[in-house]
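Structure, as structure tokens:
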Amino acid sequence: MITPVLLSGGIGSRLWPVSREAHPKQFQPLAGELSMLQETLARTRNLQATAPVVVCNEEHRFMVAEQLRELHIDPGALILEPQGRNTAPAVALAALHAVQADPEAILLVLPADHVIVDVASFVEAVGKALPAAQGGRLMTFGVVPSSPETGYGYIKCGDALGEGLYELERFVEKPDAETATGYLASGDYLWNSGMFLIGAAAYLEELGAHAPGILAACRAAMEQARADMDFVRPEAGAFAGCPSDSIDYAVMEHTARGGVVSLDCGWSDVGAWSALWEVAQRDGQGNAVRGDVVLDNCSDSYFYSDSRLVAATGVEDIVVVETADAVLVASRDRVQDVKNIVKALKTGDRPEVSLHQKVYRPWGSYESLVSAGRFQVKRIVVNPGAALSLQMHHHRAEHWIVVHGTAEVTCDEKVFMLGEDESTYIPLGHRHRLANPGKIPLELIEVQSGTYLGEDDIVRFDDVYGRGS
19 MITPVLLSGG IGSRLWPVSR EAHPKQFQPL AGELSMLQET LARTRNLQAT
69 APVVVCNEEH RFMVAEQLRE LHIDPGALIL EPQGRNTAPA VALAALHAVQ
119 ADPEAILLVL PADHVIVDVA SFVEAVGKAL PAAQGGRLMT FGVVPSSPET
169 GYGYIKCGDA LGEGLYELER FVEKPDAETA TGYLASGDYL WNSGMFLIGA
219 AAYLEELGAH APGILAACRA AMEQARADMD FVRPEAGAFA GCPSDSIDYA
269 VMEHTARGGV VSLDCGWSDV GAWSALWEVA QRDGQGNAVR GDVVLDNCSD
319 SYFYSDSRLV AATGVEDIVV VETADAVLVA SRDRVQDVKN IVKALKTGDR
369 PEVSLHQKVY RPWGSYESLV SAGRFQVKRI VVNPGAALSL QMHHHRAEHW
419 IVVHGTAEVT CDEKVFMLGE DESTYIPLGH RHRLANPGKI PLELIEVQSG
469 TYLGEDDIVR FDDVYGRGS
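For the sequence shown, the working numbering assigns the number 19 to the initial residue and increments by one for each residue that follows.
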């Protein structure tokens, strides 16, 4: 059986302002109604596969769990990387976990933030590669290039192993335009997709041969791993010394067991806003639109509206992306430079680099509506059956007004219920907790007042999600 392994550790800074460190692109519905992580999960349903394994970081763990729950998918494991160490260690953690249950496990390694338009062709390619992977080959998916793209790495194919299957001759770094044109003309090169079909045991053998430091650190971390609710936590101290490297550099460039399966499926790694324009449906003037957008005499452009009307007239070859707290305007051929904007925001310690106005938490979400010197107004949504931590604040008081649903409120020794249009006051310094005992989302308005309103003014006494103060 195939075990899908989703790698969900990136932050997607080139898709700012929609993708941010605390809520990156894989959790966003950028190319459809589902998030990119959910789209990737949904593709695996077309395969004869076991429950998926997802490798992600600590901060994103509850978003991953919630997005699986929305699809009614029970994961085989949610492995939390103590630190980001690139793809070779991430896959090693998944492989070490998989071989415990099945020594012959075959891993389908998928980045969680790619787009595949033709799912049937993807499934067919997996089927073609499976016998080779079962025979010990480390198979990578090479995408048939549609243009001399300079933003992708390439794979040179060697001798044929079968229809659409080749020996892996070598990897090639991102080329210049002239070199990429030559690659396309030769017919011997495919785009490097970063997707793999590999035996877990075979991968660990090759990793031990070519990057033994990575294998040793990952093995030690998994031997001391602990279960935490639905999560697997590799031991952080053992993992801290793990070298950082990609599968390509650590294994695939050195192994004699590499293979390539050709893939023609409308693939994109969605590395920039221009890539979303390329895979999106466009109108007769070449415009791709998402959200509330009105256009006049515009062409070959991408418009994304998240929270308000976006209107444009007389423009071409641009990208406009609107969110509640930021707007990006860029030339379509310069969107890779968004990384410079993100760097400037980080240098200026701007919150927009990491947080949206709407912030997701394991219990639900909150959204800042108004903020001034000594008060702040938030919209809070608590998922059915969820509860915030038992907590207190040193510098602020809170007033809660229930808009929708039913709230269970703890304030010191008192526990009581609030219905719609009812409210309560939480004085400064009092222990309190908000919970949703109902079967529908709880929505309320919170008015904070005090000398300091930062999120770090929280002292937690009890938390079902294992968060400290």
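Think of the CB as a built atom: it goes at the ideal place given N, C-alpha and C, for glycine as much as any other residue.
Only a predicted model underlies this, so the values are computations on that prediction, with no experimental measurement involved.
Between Glu296 and Asp318, the gap from beta carbon to beta carbon reaches 8 Å or more. Between the region 61 to 72 and the region 166 to 185 there are fewer than three inter-stretch CB-CB distances shorter than 8 Å, so the stretches are not counted as touching.
Secondary structure of Glu187 (DSSP, three-state): strand.
DSSP, reduced to helix, strand and coil, places Lys357 within a helical segment of the structure shown. At a Cβ-Cβ threshold of 8 Å, Asp310 and Arg326 count as neighbours. Non-local C-beta neighbours of Ala256 in its own chain, meaning closer than 7 Å and more than five positions away in sequence, comprise Ala235, Ala238, Ala239 and Gln242, ordered along the chain. Beta-bridge partners assigned by DSSP to Val269: none are found. Ala151 sits close to Ile216, with the two beta carbons spaced by under 8 Å. Where Thr158 is concerned, the enclosing beta strand (DSSP E) starts and stops at Leu156 to Val161. Minimum Cα-Cα distance from Ala306 among the listed residues Ala298, Leu86 and Asp131 corresponds to Ala298. Rounded to the nearest angstrom, the Cβ distance from Asp266 to Phe159 is 13 Å, too far for a contact under 8 Å. Here the region 417 to 430 does not lie against the region 377 to 386, with fewer than 3 beta-carbon pairs under 8 Å apart. In the DSSP annotation of this structure, Arg478 is not part of any alpha helix (DSSP H); the continuous beta strand (DSSP E) holding it starts and ends at Val477 to Asp480. According to DSSP, Cys74 shares a beta bridge with Ser26 and Leu98.
In the three-state DSSP reduction, Lys43 falls in the helix class (H, G or I).
Pairwise C-beta distances place the region 138 to 148 in contact with the region 273 to 289, as three or more of them are shorter than 8 Å.
Counting along the chain, no alpha helix (DSSP H) covers Pro129; the unbroken beta strand (DSSP E) around it starts and ends at Ile124 to Pro129. Of the residues Asn315, Lys432 and Glu185, the one whose Cα lies closest to the Cα of Gln303 is Asn315.
Here Ala219 is near Pro121, since their CB atoms are less than 8 Å apart.
Residue pairing by DSSP places Val307 opposite Phe321 in a beta bridge.
Nearest to Val465 by alpha-carbon distance, out of Val433, His422, Gln394 and Arg308, is Gln394. A distance below 8 Å separates the beta carbons of Arg414 and Asp475. Nearest Cα to Arg485 within the set Asp246, Ala138, Leu294 and Lys364: Asp246.
Between Val482 and Ala405, the gap from beta carbon to beta carbon is short of 8 Å.
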